[in-house]
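Q:
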Amino acid sequence: MPASALLAAPLPEDRLAPLLRLTDGLDRDGLWWLSGYAAGLARAAAGGVPAAVPALPEARSGERLSVVYGSQTGNAKRLAEQLAAQAEQAGLAVRLLRADAYPTRELKDERLLYVVISTQGDGDPPDDARALVDYIAGKRAPELKQLRYAVLGLGDSSYPQFCAIGQKLDARLAELGATRLVDRADADLDIDSVAGPWLQQALGAAKDALKPSAPLATVTPLRPLPTAPAHGRDAPFAAELLVNQRLTVRGSAKDVRHIELSLEGSGLSYQPGDALGLWPRNPPALVESVLRALELDGEAEVEHGGQRLPLRQWLGEKRELTRLARPFVASHAAHARSDELNRLLAPDNAPALTQLLADAQVIDLLQRYDGAWSGEELVAALRPLTPRLYSIASSQKLVGDEAHLTVAHVEYASEHGTRWGAASHLLAAAEEGARLPVYIEANERFRLPRDGARDVIMIGPGTGVAPFRGFVQERAADGASGRNWLLFGNPHFRSDFLYQTEWQAALKSGQLHRLDLAFSRDQIRKIYVQDRLRQAGRDLYDWLEGGAHLYVCGDATRMARDVHAALRDAVIENGGKNAEDAEDYLSTLQQQGRYARDVY
103 MPASALLAAP
113 LPEDRLAPLL
123 RLTDGLDRDG
133 LWWLSGYAAG
143 LARAAAGGVP
153 AAVPALPEAR
163 SGERLSVVYG
173 SQTGNAKRLA
183 EQLAAQAEQA
193 GLAVRLLRAD
203 AYPTRELKDE
213 RLLYVVISTQ
223 GDGDPPDDAR
233 ALVDYIAGKR
243 APELKQLRYA
253 VLGLGDSSYP
263 QFCAIGQKLD
273 ARLAELGATR
283 LVDRADADLD
293 IDSVAGPWLQ
303 QALGAAKDAL
313 KPSAPLATVT
323 PLRPLPTAPA
333 HGRDAPFAAE
343 LLVNQRLTVR
353 GSAKDVRHIE
363 LSLEGSGLSY
373 QPGDALGLWP
383 RNPPALVESV
393 LRALELDGEA
403 EVEHGGQRLP
413 LRQWLGEKRE
423 LTRLARPFVA
433 SHAAHARSDE
443 LNRLLAPDNA
453 PALTQLLADA
463 QVIDLLQRYD
473 GAWSGEELVA
483 ALRPLTPRLY
493 SIASSQKLVG
503 DEAHLTVAHV
513 EYASEHGTRW
523 GAASHLLAAA
533 EEGARLPVYI
543 EANERFRLPR
553 DGARDVIMIG
563 PGTGVAPFRG
573 FVQERAADGA
583 SGRNWLLFGN
593 PHFRSDFLYQ
603 TEWQAALKSG
613 QLHRLDLAFS
623 RDQIRKIYVQ
633 DRLRQAGRDL
643 YDWLEGGAHL
653 YVCGDATRMA
663 RDVHAALRDA
673 VIENGGKNAE
683 DAEDYLSTLQ
693 QQGRYARDVY
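So the sequence shown is numbered by our numbering: it starts at 103 and just counts up by one.
Here it is, written out as structure tokens:
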């Protein structure tokens, strides 16, 4: 919130800055608690209830359900909120906490704990759960013989460490003496098919474990609770495509598009850092290739899960074809009776399987290993098609009812033909005026500081620069006085400098204060953004010590880890710290909301 938004309040100027520092970095739950606390003080000042009486008396740990979530893209948060709301409606005392807000000192006294947590990439915890996962896994974790618990893991079975963090927590809590109240469930990208039954079972178990209690106090919100938008994940808005412009120069190895979509009439709003969810459709040529490979009739109707549709429609609109997952490899190994595939699925061949899942699509597997499938079997074995999330590259304060995206078109040659990414190909091929099904996915962990005087450091190579275009637009619209530093990288200056003229104009106008570039292929020795970070280590550390907020967006597999290592090295070299203290320094920044990552 810019300071200008508070100027109408009955506060002197010298009180505004401390207030902004106090609220800076607080999440929604913290802000609501603070608003209730302030309301209690106001009522006490007016002769009402004593200020010492809490607005929401907290049930003792033995009488409540604690729901803790660790979420990177919002799915675990959504499910945890759903579980907590249903438990409250059932009359249970519930507290809902993001993992980084959970007080670990209270774990030893906890009686009923439900954890909903995702696994990122190859077995990493979400950023907001790193500290809690490390604490529970570490030597300081207490005995938990009094605790009953349940874990719901979220992940992507195209990665070998599918739901590894949920599995790790589930096993560790049992090792510490806790009693598993509900068996762990591991949800793939078709989350609700697994999460729905687990939530119902977990809610029933909580009802049995806790007696429903009458509310101890009634709280009237200072403002109405926000209503759910008319359009969301399950009811997307048909957005009109306004602009589809190639950003990279012809001849570049990359085809990166600037996309502009109209949200007019949708009622949708977003903040910089949020993502746009897009429901993709598989390319028709890919669907026909699958049908030919299996000699199946696309017009034959197939019934599954209460729906009856032509097989061609199932494959085009309802099933995942461009992402290969381990369960389908295992199913096809049986259908193809392939010893080679079965050997690939063995634990000692994990690296080879990981490579296959990363490089191949469903059609590649079908063409390499002949196997007989019926339409019904195929629809049942393939994962449901899921939406793709793209960081929004604009600020509504500048573009109004539009959302801009920066999209790398996934297109490459395989041994059997051209392969595409489902969503990126849909966008790249779409003509202006086309309608595309979209919704907003909030990302509360990736927010600009509320205090516009804070500096921000933005690290976004490739299409990871997308949210920072929105950041700079927003800061300019707010008149933020803090400095903006962008680090951007790509292969070549001439062909791959995304939004070059915009960044140059921002530098000239003072909206951008520093721009460090790393074009990896323009010299013999490759240079990446992490190299620029090390070169600027002194300035980087000084900015952080001065209260700057740091943001990283882009590839999680290598870039994010290499950038984190460069940050750690900068803290060691310029802060006089050892490696362990430097990691603690960065962890503290994360806990304060001053080091945020949007990686994929």
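Don't be surprised by glycine CBs; every beta carbon is placed ideally from N, CA and C.
Quantities reported herein were computed from a predicted structural model and do not represent experimental measurements.
Suppose the cutoff is 7 Å on Cβ atoms and the five residues either side in sequence are ignored; what does the same chain contact list for G584 look like?
A: One-based indexing of the sequence shown puts residue 584 at position 482. If we look at G584 and ignore the five residues flanking it on each side, its Cβ neighbours are G554, A555, R556, D557 and V558.
Q: Kindly list the residues whose CB is nearer than 7 Å to the CB of R335, restricted to its own chain and excluding five residues on each side of it in sequence; keep chain order.
A: The count along the sequence shown starts at 1 and reaches residue 335 at position 233. For R335, where only same-chain residues beyond five positions count, the Cβ hits under 7 Å are G379, P489 and Y541.
Q: Alpha carbon to alpha carbon, how far is A297 from W587?
A: As a working mapping, residue 297 is identified with position 195 in the sequence shown. As a working mapping, residue 587 is identified with position 485 in the sequence shown. Note on geometry: alpha-carbon atoms of A297 and W587 lie some 41 Å from one another.
Q: State the Cα-Cα distance for the pair L491 and E543, rounded to the nearest angstrom.
A: Along the sequence shown, one-based indexing puts residue 491 at 389. Along the sequence shown, one-based indexing puts residue 543 at 441. Using only the alpha carbons, I get a separation of about 8 Å.
Q: Along the beta strand (DSSP E) that carries W605, what are the first and last residues, could you check?
A: In the sequence shown, the residue the question calls residue 605 occupies position 503. Segment Q602 to S611 is the alpha helix (DSSP H) holding W605; no beta strand (DSSP E) there.
Q: Just confirm the distance between the C-beta atoms of Y372 and I494, as a whole number of angstroms; I'd bet it's less than 8 Å.
A: As a first step, residue 372 must be located in the sequence shown, where it is residue number 270. As a first step, residue 494 must be located in the sequence shown, where it is residue number 392. With a Cβ gap of about 6 Å, Y372 and I494 count as contacting.
Q: Less than 8 Å between the beta carbons of T659 and G223, yes or no?
A: The residue you call residue 659 lines up with position 557 of the sequence shown. The residue you call residue 223 lines up with position 121 of the sequence shown. Judged by beta-carbon spacing, G223 lies within the 8 Å limit of T659, meaning their Cβ atoms are closer than that value.
Q: What do you get for V509, buried or exposed, if any count of 16 or more other CB atoms within 10 angstroms of its CB means buried?
A: For the purposes of this step, residue 509 is taken as residue 407 along the sequence shown, with counting starting at 1. It counts as buried.
Q: Could you name the residues of the same chain whose beta carbon sits closer than 8 Å to that of E442, not counting the 5 residues immediately before and after it, in chain order?
A: Counted from its first residue, the sequence shown places residue 442 at position 340. The answer, listed in chain order, is Y471.
Q: So, with DSSP's three-state summary, where would you put D226?
A: Locating residue 226 in the sequence shown gives position 124, counting from the first residue. Of the three classes helix, strand and coil, the one that applies to D226 here is strand, per DSSP.
Q: So, with DSSP's three-state summary, where would you put Y237?
A: Reading the sequence shown from its first residue, position 135 is the one you call residue 237. In the structure shown, Y237 sits in a helix (DSSP, three-state: H, G or I).
Q: Between the beta-carbon of A289 and the beta-carbon of L254, is there less than 8 Å?
A: Here residue 289 corresponds to residue number 187 of the sequence shown, with the count starting at 1. Here residue 254 corresponds to residue number 152 of the sequence shown, with the count starting at 1. Cβ distance < 8 Å, so A289 and L254 count as in contact.
Q: Mind checking which residues open and close the beta strand (DSSP E) that includes F595?
A: Residue numbering aside, residue 595 sits at position 493 when the sequence shown is read from its first letter. Run containing F595: none in the beta strand (DSSP E); it sits in the alpha helix (DSSP H), F595 to D598.
Q: What is the C-beta distance between L185 and A304, in whole angstroms, given that I count them as a contact (C-beta under 8 Å)?
A: Within the sequence shown, the letter at position 83 stands for residue 185. Within the sequence shown, the letter at position 202 stands for residue 304. Correct: roughly 7 Å between the Cβ atoms.
Q: Starting from the C-beta of A531, find all residues in its chain whose C-beta is less than 7 Å away, skip the five residues before and the five after it, and write them out in chain order.
A: Here residue 531 corresponds to residue number 429 of the sequence shown, with the count starting at 1. Cβ within range, chain order: n/a, list empty.
Q: Going straight from the alpha carbon of Q174 to that of N592, what length do you get?
A: By one-based count along the sequence shown, residue 174 stands at place 72. By one-based count along the sequence shown, residue 592 stands at place 490. Whole-angstrom Cα-Cα distance: 25 Å.
Q: On a Cα-Cα basis, can you pick out the residue from A187, P338 and L393 that is closest to G86?
A: The displayed coordinates of the chain run from 103 to 702. Any statement about residue 86 would go beyond what the structure contains.
Q: Assess, as a yes-or-no matter, whether the stretch 430-449 is touched by the stretch 392-407 under the definition of 3 or more beta carbon pairs within less than 8 Å.
A: no
Q: Buried or exposed for R410, please, with buried defined as at least 16 other CB atoms from any protein chain shown within 10 angstroms of its CB.
A: Here residue 410 corresponds to residue number 308 of the sequence shown, with the count starting at 1. It counts as exposed.
Q: Taking the alpha-carbon positions, what's the F599 to Q347 distance?
A: As a first step, residue 599 must be located in the sequence shown, where it is residue number 497. As a first step, residue 347 must be located in the sequence shown, where it is residue number 245. The alpha-carbon atoms of F599 and Q347 are separated by roughly 14 Å.
Q: What three-state label does DSSP hand E160 in the structure shown?
A: Walking along the sequence shown from the start, residue 160 turns up at place 58. Bear in mind that the predicted position of E160 carries a pLDDT of just 43, short of 50, making it unreliable; the figure below should be weighed with that in mind. Looking at E160 - three-state DSSP - the assignment turns out to be coil, as it is neither helix nor strand.
Q: Within the chosen definition, does the stretch 380-399 reach the stretch 513-524 through at least 3 CB pairs nearer than 8 Å?
A: By the criterion of at least three beta-carbon pairs nearer than 8 Å, the stretch 380-399 is in contact with the stretch 513-524.
Q: Is DSSP giving G656 helix, strand or coil here?
A: To locate residue 656, count along the sequence shown from 1; it is residue 554. Correct three-state label for G656: strand.
Q: Am I right that F595 and P563 are in contact with their C-beta atoms under 8 Å? What's the rounded C-beta distance?
A: Numbered from 1 along the sequence shown, position 493 holds the residue referred to as residue 595. Numbered from 1 along the sequence shown, position 461 holds the residue referred to as residue 563. About 13 Å; that fails the 8 Å criterion.
Q: Nearest-angstrom Cα distance between A681 and S689?
A: By one-based count along the sequence shown, residue 681 stands at place 579. By one-based count along the sequence shown, residue 689 stands at place 587. If you take the alpha carbons of A681 and S689, they lie about 12 Å apart.
Q: Pick from Q575, P429 and A452: whose alpha carbon is nearest that of L500?
A: As a first step, residue 500 is located in the sequence shown; it is residue number 398 there, counting from the start. Nearest of Q575, P429 and A452 to L500, Cα basis: Q575.
Q: Within the chosen definition, does the stretch 262-270 reach the stretch 230-247 through at least 3 CB pairs nearer than 8 Å?
A: Touching, per the Cβ criterion.
Q: Look at the Cβ atom of R213, then the Cβ atom of L249, and state whether they are nearer than 8 Å.
A: Taking the sequence shown and counting its residues from 1, the one referred to as residue 213 is at position 111. Taking the sequence shown and counting its residues from 1, the one referred to as residue 249 is at position 147. In this structure, L249 lies closer than 8 Å to R213 by Cβ.
Q: What's the C-alpha gap between P703 and G172?
A: Within the shown structure, residues of the chain are numbered from 103 to 702, placing residue 703 beyond reach of any answer.
Q: Run through DSSP, which three-state label would P453 get?
A: Indexing the sequence shown from 1 puts residue 453 at position 351. It is helical.
Q: Under the assumption that A717 contacts Q632 (Cβ atoms under 8 Å), give the Cβ distance between them as a whole number of angstroms.
A: Beyond the ends of the chain as shown, which are 103 and 702, falls residue 717; an answer cannot be given.
Q: G334 by DSSP, collapsed to three states: which one?
A: On the sequence shown, position 232 is the one that residue 334 refers to. Strand at G334.
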